[in-house]
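Participant:
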Amino acid sequence: EVQLVESGGGLVQPGRSLRLSCAASGFTFDDYAIHWVRQAPGKGLEWVTGLNWNSGGIVYAASVKGRFTVSRDNAKNSVYLQMNSLRAEDTAFYYCVKDKHNILTDSFDSWGQGTLVTVSS
Amino acid sequence: DVVLTQSPLSLPVTLGQPASISCRSSQSLVYRDGNTFLNWFQQRPGQSPRRLIYKVSNRDSGVPDRFSGSGSGTDFTLKISRVEAEDVGVYYCMQGTHWPATFGGGTKVEIK
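Line by line, the protein sequences are chains A and B.
Take 1 as the starting number for the first sequence in our numbering and just add one per residue.
Take 1001 as the starting number for the second sequence in our numbering and just add one per residue.
#1: Should K43/A go down as buried or exposed, given a rule of 16 or more other Cβ atoms within 10 Å for buried?
#2: Note down, in chain order, every chain A residue with its Cβ under 8 Å from the Cβ of F1103/B.
#3: In chain order, what residues of the stretch 94-107 of chain A put their CB closer than 7 Å to some CB of chain B?
#4: Do you know how far the Cα of P14/A is from the Cα of G1096/B?
#5: With Q1047/B as the anchor, note down where its beta strand (DSSP E) starts and where it stops.
#6: With 7 Å as the threshold, decide whether the Cβ of G1096/B is near any Cβ in chain A.
#7: Distance, Cα to Cα, P1008/B vs K1055/B?
#8: Under 7 Å between beta-carbons, which chain A residues line up against P1100/B? List them in chain order, please.
#9: How would you list, in chain order, the residues of chain A whose beta-carbon sits under 8 Å from the beta-carbon of P1008/B?
#10: Can you tell me whether DSSP reads F1037/B as helix, strand or coil?
#11: Interface residues of chain A around N1039/B at Cβ under 7 Å?
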């Protein structure tokens, strides 16, 4: 069974940093691209970033470009999202999402349960 | 970025009755290879989203056949032929033709 478990969320002050992790299991991790999608509480979905199986093809949403960095460690079956210069509007649940392919596509196959990031002073 | 506009925002439905959700795109979602990358997701209360429909009209594995997708170009529709209690939640369209992928604002389906 595919499992994606996000961690690292919490309360952080504006301008500070936070690093999210996504631990994957139940599939051959390095065969698939991974995305991060976020959802502000009670709001809609926003694709944030993603990377291919080999850490290539990285793309960011304009809203986070230059502040967020995505990476993966295939030896640890994990993906990371380094979030710097956080703003109130970054407050959201952050979901780790497995792609159905080894490169970024729109085939969002499996979702984690999400981790909540709250940016507030 | 491509803007997807869903309507209605809220859809109260009687159990056993049909429901229809519209998704309109700010530009054509036909990719240069002829495919149209328009998906539909369901998010039940307290749960993560799950995909129901991909490439306009293809149901994902395990999705009941009361769900169907249709449309072309810029106009798309998700239909539920007979709404059941487990269908309550928010439905989102999402396009993957033009990156970054974007989602519609969501339609909340509730039981009258």
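Even glycine gets a Cβ: it sits at the ideal position worked out from N, Cα and C.
What you are looking at is a predicted structure, and each value in this text was computed from that prediction instead of being measured.
Facilitator: Answer, in terms of the structure:
#1: Along the first sequence, read from residue 1 onward, the residue named residue 43/A stands at position 43. It is exposed - the Cβ of K43/A has fewer than 16 other Cβ atoms within 10 Å.
#2: Walking along the second sequence from the start, residue 1103/B turns up at place 103. Here the neighbours are G44, L45, E46 and W47.
#3: Y95, T105, D106 and S107
#4: Within the second sequence, residue 1096/B is the residue found at index 96, counting from 1. Within the first sequence, residue 14/A is the residue found at index 14, counting from 1. The alpha-carbon atoms of G1096/B and P14/A are separated by roughly 32 Å.
#5: Working through the second sequence from its first residue, we reach residue 1047/B at position 47. Unbroken run through Q1047/B: none, as it is neither H nor E.
#6: On the second sequence, position 96 is the one that residue 1096/B refers to. It does; some Cβ of chain A falls within 7 Å.
#7: The residue you call residue 1008/B lines up with position 8 of the second sequence. The residue you call residue 1055/B lines up with position 55 of the second sequence. Going from the Cα of P1008/B to the Cα of K1055/B covers about 22 Å.
#8: Within the second sequence, the letter at position 100 stands for residue 1100/B. Simply W47, V59 and A61.
#9: Indexing the second sequence from 1 puts residue 1008/B at position 8. Neighbours of P1008/B on chain A: none; closest Cβ ~15 Å, over 8 Å.
#10: By 1-based counting over the second sequence, the position of residue 1037/B is 37. Three-state DSSP puts F1037/B in coil, outside helix and strand.
#11: Counted from its first residue, the second sequence places residue 1039/B at position 39. The answer, in chain order, is D106.
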